[in-house]
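Asker:
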Amino acid sequence: MITVEELKKIRENTLKKMDLKLHKLQEEILDKEGALNKKLILICGGPGCHSSNVEEMKARFEKRILEKGLIHVEVSIAGCFGLCESGPNIEVYPEGIFYSRVKMDDIDEIVDKHLCENVVVERLLNEGAIESGKIKHVSQVNFYNKQKKIALRNCGIIDYNDIKEYIALDGYQALAKAITEMTQEEVINMVKDSNLRGRGGAGFPTGRKWETAFKYDADQKYVICNADEGDPGAFMDRSILEGDPHSVLEGMALCGYAIGAEQGYIYIRAEYPVAVERLKIAIKQAKEMGLLGRNILGTDFSFDIELRLGAGAFVCGEGTALMESIEGRRGMPRPKVERTAHKGLWGKPTIINNVETFANVPPILLKGADWFRSIGTEDSSGTKVFALGGKVKNTGLVEVPMGTTLREIIFDIGGGIEKDRKFKAVQTGGPSGGCIPEEYLDTPVDFGSLSKIGSIMGSGGMIVLDESDCMVDIARFFLDFTVDESCGKCVPCREGTKRMLEILERITAGEGRAEDLDRLESLAEIITSGSLCGLGQTAANPVISTLKYFRDEYEAHIYDKRCPAGACQALLEFYITDKCIGCTKCARSCPVSAIRGKVKERHVIDTEKCIKCGACMEVCPVGAVIKR
Amino acid sequence: MKFNFNWEGNRNKIQKLMDFMKENRSKKGILMMALHETQDLFGYIPLEIMELISKELKTPLSEIYGVATFYSQFSLVPKGENVIGVCLGTACYVKGGQDILAKLEELLAIKEGQTTPDGKFSIDATRCLGACGLAPVMMINNKIYGKLTLDKVEEIINSYR
Numbered sequence: 000m001i002t003v004e005e006l007k008k009i010r011e012n013t014l015k016k017m018d019l020k021l022h023k024l025q026e027e028i029l030d031k032e033g034a035l036n037k038k039l040i041l042i043c044g045g046p047g048c049h050s051s052n053v054e055e056m057k058a059r060f061e062k063r064i065l066e067k068g069l070i071h072v073e074v075s076i077a078g079c080f081g082l083c084e085s086g087p088n089i090e091v092y093p094e095g096i097f098y099s100r101v102k103m104d105d106i107d108e109i110v111d112k113h114l115c116e117n118v119v120v121e122r123l124l125n126e127g128a129i130e131s132g133k134i135k136h137v138s139q140v141n142f143y144n145k146q147k148k149i150a151l152r153n154c155g156i157i158d159y160n161d162i163k164e165y166i167a168l169d170g171y172q173a174l175a176k177a178i179t180e181m182t183q184e185e186v187i188n189m190v191k192d193s194n195l196r197g198r199g200g201a202g203f204p205t206g207r208k209w210e211t212a213f214k215y216d217a218d219q220k221y222v223i224c225n226a227d228e229g230d231p232g233a234f235m236d237r238s239i240l241e242g243d244p245h246s247v248l249e250g251m252a253l254c255g256y257a258i259g260a261e262q263g264y265i266y267i268r269a270e271y272p273v274a275v276e277r278l279k280i281a282i283k284q285a286k287e288m289g290l291l292g293r294n295i296l297g298t299d300f301s302f303d304i305e306l307r308l309g310a311g312a313f314v315c316g317e318g319t320a321l322m323e324s325i326e327g328r329r330g331m332p333r334p335k336v337e338r339t340a341h342k343g344l345w346g347k348p349t350i351i352n353n354v355e356t357f358a359n360v361p362p363i364l365l366k367g368a369d370w371f372r373s374i375g376t377e378d379s380s381g382t383k384v385f386a387l388g389g390k391v392k393n394t395g396l397v398e399v400p401m402g403t404t405l406r407e408i409i410f411d412i413g414g415g416i417e418k419d420r421k422f423k424a425v426q427t428g429g430p431s432g433g434c435i436p437e438e439y440l441d442t443p444v445d446f447g448s449l450s451k452i453g454s455i456m457g458s459g460g461m462i463v464l465d466e467s468d469c470m471v472d473i474a475r476f477f478l479d480f481t482v483d484e485s486c487g488k489c490v491p492c493r494e495g496t497k498r499m500l501e502i503l504e505r506i507t508a509g510e511g512r513a514e515d516l517d518r519l520e521s522l523a524e525i526i527t528s529g530s531l532c533g534l535g536q537t538a539a540n541p542v543i544s545t546l547k548y549f550r551d552e553y554e555a556h557i558y559d560k561r562c563p564a565g566a567c568q569a570l571l572e573f574y575i576t577d578k579c580i581g582c583t584k585c586a587r588s589c590p591v592s593a594i595r596g597k598v599k600e601r602h603v604i605d606t607e608k609c610i611k612c613g614a615c616m617e618v619c620p621v622g623a624v625i626k627r
Numbered sequence: 000m001k002f003n004f005n006w007e008g009n010r011n012k013i014q015k016l017m018d019f020m021k022e023n024r025s026k027k028g029i030l031m032m033a034l035h036e037t038q039d040l041f042g043y044i045p046l047e048i049m050e051l052i053s054k055e056l057k058t059p060l061s062e063i064y065g066v067a068t069f070y071s072q073f074s075l076v077p078k079g080e081n082v083i084g085v086c087l088g089t090a091c092y093v094k095g096g097q098d099i100l101a102k103l104e105e106l107l108a109i110k111e112g113q114t115t116p117d118g119k120f121s122i123d124a125t126r127c128l129g130a131c132g133l134a135p136v137m138m139i140n141n142k143i144y145g146k147l148t149l150d151k152v153e154e155i156i157n158s159y160r
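Those protein sequence lines, which keep their order, are chains A and B.
Sequential numbering of the first sequence, starting at 0, is according to numbering that gives the first Met the number 0.
Sequential numbering of the second sequence, starting at 0, is according to numbering that gives the first Met the number 0.
#1: Ignore the nearest five residues each way along the sequence and tell me which others in residue 512/A's own chain have a CB closer than 8 Å to its CB.
#2: Just by C-beta distance, which residues in the segment 408 to 438 of chain A are closer than 8 Å to chain B?
#3: Between the alpha carbons of residue 6/B and residue 41/B, how many angstroms are there, rounded?
#4: Where does residue 386/A sit, in a helix, a strand or coil, going by DSSP?
#5: Return yes when the Cβ of residue 354/A is within less than 7 Å of the Cβ of residue 239/A, no when it is not.
#6: Kindly list the residues whose CB is nearer than 6 Å to the CB of residue 324/A, restricted to its own chain and excluding five residues on each side of it in sequence; keep chain order.
#7: Out of 49/B, 127/B and 123/B, which has the shortest C-alpha to C-alpha gap to residue 30/B?
#8: Just mark residue 92/A as buried or exposed, buried being the case when its beta carbon has 16 or more other beta carbons within 10 Å.
#9: Over the uninterrupted beta strand (DSSP E) stretch that includes residue 73/A, give me the two end residues.
#10: What residues match up with residue 404/A in a beta bridge as DSSP calls it?
#11: Quick one: which chain A residues come within Cβ less than 7 Å of residue 73/B?
#12: May I ask you to list, following chain order, the residues of the segment 120 to 142 of chain B that have a beta carbon less than 9 Å from some beta carbon of chain A?
#13: For the alpha helix (DSSP H) that residue 548/A lies in, which residues bound it at each end?
#14: To the nearest angstrom, report how far apart residue 147/B and residue 280/A are at their CA atoms.
#15: Nearest to residue 88/B by CA position, among 67/B, 109/B, 135/B and 115/B, is which residue?
#16: Out of curiosity, what's the CA-to-CA distance linking residue 33/B and residue 468/A?
#17: On the three-pair Cβ rule with 8 Å, is the segment 220 to 233 of chain A touching the segment 266 to 276 of chain A?
#18: Going by alpha carbons, who is nearest to residue 122/A out of 576/A, 96/A and 144/A?
#19: If we call anything under 7 Å between Cβ atoms a contact, is residue 73/B one with residue 274/A?
#20: Under the DSSP definition of a beta bridge, which residues are partnered with residue 305/A?
#21: By DSSP, does residue 418/A sit in helix, in strand, or in coil?
#22: So which residues of chain A does residue 90/B contact, with C-beta pairs closer than 7 Å?
#23: Between 561/A, 453/A and 61/A, which lies nearest to residue 540/A when the distance is taken from Cα to Cα?
#24: Under a Cβ-count criterion, where at least 16 other Cβ atoms within 10 Å of its own Cβ denotes burial, should residue 507/A be classed as buried or exposed?
#25: Say the cut is 6 Å; is the CB of residue 423/A nearer than that to a heavy atom of the ligand GTP?
#26: When we look at the beta-carbon of residue 0/B and count the other beta-carbons within 10 Å, is it buried (16 or more) or exposed?
#27: If we cut at 7 Å on Cβ distances, does residue 17/B have a partner in chain A?
#28: Is there a Cβ of chain B sitting closer than 7 Å to that of residue 254/A, yes or no?
#29: If you count every other CB in all the chains shown that lies within 10 Å of the CB of residue 244/A, and 16 or more means buried, which is it?
#30: Helix, strand or coil for residue 193/A? Go by DSSP, reduced to three states.
#31: Give a yes or no on contact between the segment 65 to 74 of chain A and the segment 137 to 149 of chain A, applying the rule of three or more CB pairs nearer than 8 Å.
#32: Which residues of the segment 318 to 344 of chain A have a Cβ closer than 7 Å to any Cβ of chain B? Give them in chain order.
#33: Using a Cβ cut-off of 9 Å, which residues of the segment 494 to 526 of chain A contact any Cβ in chain B, in chain order?
#34: CA-CA distance, residue 66/B and residue 58/B?
#35: Could you spell out the range, first to last residue, of the alpha helix (DSSP H) harbouring residue 343/A?
#36: Would you call the segment 548 to 555 of chain A and the segment 470 to 486 of chain A in contact, with 3 or more CB pairs under 8 Å?
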């Protein structure tokens, strides 16, 4: 077991070895003279890049470096850099050169040119890292320079499998400070003053929650980290757990100290095997060092953390359903007669917070509540991590101060819409959220503003939709999800969502009826007000928001039997344009012989026979077959 | 598909599971962990093993069955040697995840949720795999394949044949 003094020593000793990594926090490109002899190759090991065998890439780098006889080069894998779109990503320090889409075969060139001759391989530079011939430091790349990192502060810098690197960057200092210098009340007050709100979606003030559990007398209390990140299109928590697992462990221990709990659980979904592995390693290291377990840092405070795996039930992201699941039952929500801060897991006071919330706690304790409140807006302090996905150029992970507008996130950081198509909407908050149209793009992103325009902040998934996405189909997609994931306990959710889905399926199949829109609206009201838990209460949001902002699309489906976005297969017609060269390929590939035409003449599709399989479109060599 | 549980051939695995339960008996809420362990060991959750767990934990079989069927990751039938999960999260959906699934179903001549007759592949439609930056994606035995195209899918499947 280590003492506070030893912790400080580890910090200082490791920091010395990390001098190159700290260049990541700098903003200037060093000139050749200023550059050190030592170099660091940092490889992104985030969820996206990891799939490209980063371990093999590291080995290849090391092999070539050895062949070239270079001695002062270190190769290291770190957590997610954020810009998944251009992965696999690699950075070279101290210069801060940002290479993207690096393939196995490019590695030798980077070593030979960059490391041996000090010549940047421009061909591999990230598109954003070069502007009118000038090479930019990675932190000056547009994708990064508007971001502010608190929850992701160590992601992409430290080696996630090395507790010492976490300690070097102030890790476990907040815990040491809290348990040796602060009372439980002081910790709670600091979190309360910081105005930190739950990052899982609902935005409940974290400090107030902790206080409730602290004041409730019980022989045993629990801390749960909700890592059941189920919203489709969300991978913030995954990236934090994989890139900086100790920040979550430390946050949980701080919560344990504040409320008086000795046992914590991380409930993580089984779809994240890499995160589970890295968490296991992190917990083991923390226990070995005495930063988890009995008498932490020689004090009276003891705290242990256990991992519990989910098994693919979205509803388990709901607090009480999650507790049922940990207790070994079907994950069905409990009626909220009593607060979980009073009666939660095994009937004991329990604090359940999201991954990102816990990751925010250590910096607050170290830098103070005022510092945290100075970032973000009045209503929502600090930053928020978003997973930017869908039809946006720079898909990836971004962390911005609360109050940043949707436009800044999607167009400045995200780089705008893929293939330069037209923006249509952004979907936030997953199945509980809504679609926000163009006219609200200048809305600042915080808890209050998004709910005012019919969506929610949610856990941070942000899916950008373009003109080719049908809003009715998107609503159908989410309802399909909720119907599947509804646990079946309460009637409004179980039956109501099913009826809504049936109506939406009818509309997208071209069989919509005039009364359908009214029915959808009244169903939405009943499901929202009558469901037992958050899943049901928000299940209608995707329908409500698309009905509000894209009613004309619903009407086009119902009255004109037409899908304006050209996405609903049943409402499409395939058509051969004048471009047709009469090669007969389409006619030969049509499974129902619906295409007629002579050689070297324009062919014609018999729309009555056509089954809309799209085979003709696939085989046409000149792109003459279109959907309309 | 009908199959018989091989008691003799699975003796070692059964012993491992029993050891696991003995070791962790003091932990609360052990049922979920036991089911995960069962699925890891056997590749699915055999009814015969649920009966064993029921005796060991003194929990009614009906309750264990209820839990096992509630969670979509638990399977009561054997999976293929290579488990393919096609992501149908939002990001993948808008980028054509459905087409990827259709292509796989065509290539392997099975439907989602089924296993090929030779036991080599099974296809599942999964929830968001959290690799949205690479959409559309699929996962084969915990390895993620991203930025898929229909041609790529065929290539990848062939590499597993």
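Just so it is clear, CB atoms sit at the ideal spot from N, CA and C, and this is done for glycine as well.
Answerer: Taking the coordinates as given:
#1: Within the first sequence, numbered from 1, the residue matching residue 512/A stands at position 513. Result list for residue 512/A: 505 and 557, in chain order.
#2: 426 and 429
#3: The residue you call residue 6/B lines up with position 7 of the second sequence. The residue you call residue 41/B lines up with position 42 of the second sequence. Taking the straight line joining both Cα atoms gives about 12 Å.
#4: The residue you call residue 386/A lines up with position 387 of the first sequence. It is a strand residue.
#5: As a first step, residue 239/A is located in the first sequence; it is residue number 240 there, counting from the start. As a first step, residue 354/A is located in the first sequence; it is residue number 355 there, counting from the start. Against a cut-off of 7 Å, the Cβ pair of residue 354/A and residue 239/A comes out as a contact.
#6: Counting from one through the first sequence, the residue named residue 324/A turns up at place 325. 315 and 330.
#7: Translated into the one-based positions of the second sequence, residue 30/B becomes position 31. Minimum Cα distance to residue 30/B is reached at 49/B.
#8: As a working note, residue 92/A is residue 93 in the first sequence. Result: buried.
#9: Here residue 73/A refers to the residue found at position 74 when the first sequence is read from its first residue. Counting along the chain, the beta strand (DSSP E) containing residue 73/A begins and ends at 72 to 77.
#10: As a working note, residue 404/A is residue 405 in the first sequence. Answer is 443/A.
#11: Sequence index remark: in the second sequence, residue 73/B carries index 74 (1-based). Within 7 Å Cβ-Cβ: 310.
#12: 125, 126, 127, 128, 129, 130, 131, 132, 133, 134, 136, 138, 141 and 142
#13: Against the first sequence, residue 548/A aligns to sequence position 549. 540 to 548 is the span of the alpha helix (DSSP H), which, as asked, contains residue 548/A.
#14: Your numbering for residue 147/B matches position 148 in the second sequence. Your numbering for residue 280/A matches position 281 in the first sequence. Their backbone Cα atoms lie some 31 Å apart in a straight line.
#15: Walking along the second sequence from the start, residue 88/B turns up at place 89. Measuring from the Cα of residue 88/B, the nearest candidate turns out to be 135/B.
#16: Locating residue 33/B in the second sequence gives position 34, counting from the first residue. Locating residue 468/A in the first sequence gives position 469, counting from the first residue. Using only the alpha carbons, I get a separation of about 43 Å.
#17: yes
#18: For the purposes of this step, residue 122/A is identified with residue 123 of the first sequence, where counting begins at 1. When each option's Cα is compared against that of residue 122/A, the closest is 96/A.
#19: Against the second sequence, residue 73/B aligns to sequence position 74. Against the first sequence, residue 274/A aligns to sequence position 275. Not in contact: residue 73/B and residue 274/A (Cβ atoms no closer than 7 Å).
#20: Within the first sequence, numbered from 1, the residue matching residue 305/A stands at position 306. Answer is 264/A.
#21: By one-based count along the first sequence, residue 418/A stands at place 419. Note: residue 418/A maps to helix in three-state DSSP.
#22: On the second sequence, residue 90/B is found 91 positions in, with the first residue counted as 1. Neighbours of residue 90/B on chain A, chain order: 232, 388, 389 and 462.
#23: The residue you call residue 540/A lines up with position 541 of the first sequence. Residue 453/A is the option with its Cα nearest to residue 540/A.
#24: For this step, residue 507/A is matched to residue 508 along the first sequence. With 16 or more Cβ atoms within 10 Å of its Cβ, residue 507/A is classed as buried.
#25: In the structure on display, the ligand GTP does not appear, and there are no ligands present to speak of.
#26: Here residue 0/B is taken as the residue at index 1 of the second sequence, counted from 1. The pLDDT assigned to residue 0/B is 47, lower than 50, so where the model puts this residue is not dependable, and the model offers no usable value.
#27: Here residue 17/B corresponds to residue number 18 of the second sequence, with the count starting at 1. No, residue 17/B does not count as interfacial toward chain A.
#28: On the first sequence, residue 254/A is found 255 positions in, with the first residue counted as 1. Chain B contact via Cβ: absent.
#29: Numbered from 1 along the first sequence, position 245 holds the residue referred to as residue 244/A. With 16 or more other Cβ atoms within 10 Å, it is buried.
#30: Sequence index remark: in the first sequence, residue 193/A carries index 194 (1-based). Note: residue 193/A maps to helix in three-state DSSP.
#31: no
#32: 324, 325, 326, 327, 328, 329 and 330
#33: none
#34: For the purposes of this step, residue 66/B is taken as residue 67 along the second sequence, with counting starting at 1. For the purposes of this step, residue 58/B is taken as residue 59 along the second sequence, with counting starting at 1. So the two alpha carbons sit approximately 12 Å from each other.
#35: Position 344 of the first sequence, counted from the first residue, corresponds to residue 343/A. From DSSP, residue 343/A is part of no alpha helix (DSSP H); its letter is neither H nor E.
#36: yes
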